[in-house]
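K.L.:
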Amino acid sequence: MRNIVLPHATVYKSVSRWHRLLAVGLTCVSLTSGCVVSSRAGDASPSIKILVTYHSLAGNTERMAEAVVAGAQSVARSQVVLKRVGQVTADDLFSADAVVVGSPVYWSNMSGEVKTFFDNWQFKFGVFPEFKMKNKVGAAFATGGQVSSGKEVTMLTILAAMLGNQMIVVSDGGAFGAAATTEGDSPGIDDRELADARALGRRVAEVTKLVRAGSLR
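Final position of the sequence shown in this note's numbering is 220; the numbers increase by one with none missing.
(1) Kindly identify the DSSP beta-bridge partner or partners of Arg87.
(2) How long is the line joining the alpha carbons of Tyr109 and Ala164, rounded to whole angstroms?
(3) Just checking my contact of Leu54 with Val84 at CB under 8 Å: how many whole Å lie between their CB atoms?
(4) Taking the CB atoms as reference points, tell me whether Ala200 and Phe144 lie closer together than 8 Å.
(5) Give the secondary structure of Ile126 by DSSP, where H, G and I count as helix, E and B as strand, and everything else as coil.
(6) Which residues in the same chain as Asp193 place their Cβ atom closer than 6 Å to its Cβ, once the five residues preceding and following it in sequence are excluded?
(7) Please name the residue, chosen from Thr185, Gly176, Ala183, Thr184, that lies closest to Ala202 on a Cα-to-Cα basis.
(8) Restricting to Cα atoms, I'd like to know which of Thr157, Glu69, Ile171 is closest to Thr56.
(9) Return the first residue and the last residue of the beta strand (DSSP E) that Ser181 is part of.
(10) What is the rounded straight-line gap between the Cα of Asn112 and the Cα of Val102?
(11) Go to Val156, then tell me how far its beta strand (DSSP E) extends in each direction, as first and last residue.
(12) Indicate the three-state DSSP secondary structure (helix, strand or coil) for Val150 in the structure shown.
(13) Using 8 Å for Cβ pairs, my map puts Val210 next to Val140. What's the rounded Cβ distance?
(14) Helix, strand or coil, according to DSSP, for Val78 in the structure here?
(15) What separation, rounded to the nearest whole angstrom, lies between the Cα atoms of Glu155 and Asp122?
(16) Rounded C-beta distance between His58 and Glu116? I'm assuming under 8 Å.
(17) Apart from the five residues on each side of it in sequence, which residues of its chain come closer than 8 Å, Cβ to Cβ, to Lys127?
(18) Starting from the Cα of Met67, find the closest Cα among Ser77, Ser50, Ser106, Ile161 and give me that residue.
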């Protein structure tokens, strides 16, 4: 079993979240300021670090984030850090080989919290003019209530911010990333949507290993 530390910002959901994480083979050991999952070493390829970060009020985007983590940590020698966007530090950002960002749809676009996170790449973390995120792998996922409510726009704006920082963007689970429709005939997050999120996490880890092996970083 693997060890995981839950962020204090989600203590109010710690019990239900523990059961969800246990279902994908993780063990909850304590409650502090971060979440780290490491896969077992299974080959001689370079180890990688992936940051999965998100904003969530209703818990839907959080569930997708957890599935992205599960997919990423299924790839050998991957370490995955899971944090809400407001908890991410400069060290989290710059030490990561890949960054996956998730957002709910607010007025057909990313949430204000996620937009602030990207703005802080410069205002707090100073990514420009050195392009400190260059050649890191990036990906996006989103949740929205309706079928045509802005999930694609949300993912594309996330990817646009990454491309503006000269990152290498990838997708899986959908053309632009993993997405979930949380209302209508299938309320909440269903198994297919969780599978899409896991596929995205795994693809990010696989591409990140290729980038590291090719010495781009």
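For every residue, glycine included, the Cβ atom is placed at its ideal position computed from N, Cα and C.
No experiment lies behind these values; they were computed from the predicted model shown.
P.N.:
Answer, in terms of the structure:
(1) Residue 87 sits at position 84 when you count from the first residue of the sequence shown. According to DSSP, Arg87 bridges with Tyr57.
(2) Start at 1 with the first residue of the sequence shown, and residue 109 comes out as number 106. Start at 1 with the first residue of the sequence shown, and residue 164 comes out as number 161. Approximately 17 Å between the Cα atoms of the pair.
(3) Sequence index remark: in the sequence shown, residue 54 carries index 51 (1-based). Sequence index remark: in the sequence shown, residue 84 carries index 81 (1-based). At roughly 5 Å, the Cβ-Cβ gap stays under 8 Å, so Leu54 and Val84 are in contact.
(4) If you number the sequence shown from 1, residue 200 lands on position 197. If you number the sequence shown from 1, residue 144 lands on position 141. In contact: Ala200 and Phe144 (Cβ atoms closer than 8 Å).
(5) On the sequence shown, residue 126 is found 123 positions in, with the first residue counted as 1. The amino acid occupying residue 126 in the given sequence is Phe; Ile does not appear at that position. In this structure, Phe126 counts as helix in the three-state DSSP scheme.
(6) On the sequence shown, position 190 is the one that residue 193 refers to. Nothing meets the Cβ criterion.
(7) Taking the first residue of the sequence shown as 1, we reach residue 202 at position 199. Cα-wise, what sits closest to Ala202 is Gly176.
(8) Stepping through the sequence shown from its first residue, residue 56 is reached at position 53. Nearest C-alpha to Thr56 among Thr157, Glu69, Ile171: Glu69.
(9) Within the sequence shown, the letter at position 178 stands for residue 181. Residue identity differs from the one stated: residue 181 is Ala in this sequence, not Ser. Counting along the chain, Ala181 sits inside the beta strand (DSSP E) bounded by residues 181-184.
(10) Stepping through the sequence shown from its first residue, residue 112 is reached at position 109. Stepping through the sequence shown from its first residue, residue 102 is reached at position 99. Approximately 19 Å between the Cα atoms of the pair.
(11) Residue 156 sits at position 153 when you count from the first residue of the sequence shown. From DSSP, Val156 is part of no beta strand (DSSP E) but of the alpha helix (DSSP H) over 154-167.
(12) As a working note, residue 150 is residue 147 in the sequence shown. DSSP places Val150 in coil when its eight states are reduced to three.
(13) The residue given as residue 210 occupies position 207 in the sequence shown. The residue given as residue 140 occupies position 137 in the sequence shown. So it is a contact: roughly 5 Å between Cβ atoms.
(14) Within the sequence shown, the letter at position 75 stands for residue 78. Looking at Val78 - three-state DSSP - the assignment turns out to be coil, as it is neither helix nor strand.
(15) As a working note, residue 155 is residue 152 in the sequence shown. As a working note, residue 122 is residue 119 in the sequence shown. Rounded to whole angstroms, the gap between the alpha carbons of Glu155 and Asp122 is 20 Å.
(16) Here the question's residue 58 lines up with position 55 in the sequence shown. Here the question's residue 116 lines up with position 113 in the sequence shown. That belief holds up - the Cβ atoms of His58 and Glu116 are roughly 4 Å apart, short of 8 Å.
(17) Here residue 127 refers to the residue found at position 124 of the sequence shown. These residues qualify, in order along the chain: Ala93.
(18) Residue mapping note: residue 67 aligns to position 64 of the sequence shown, counting from 1. For Met67, the closest C-alpha among the options Ser77, Ser50, Ser106, Ile161 is that of Ser106.
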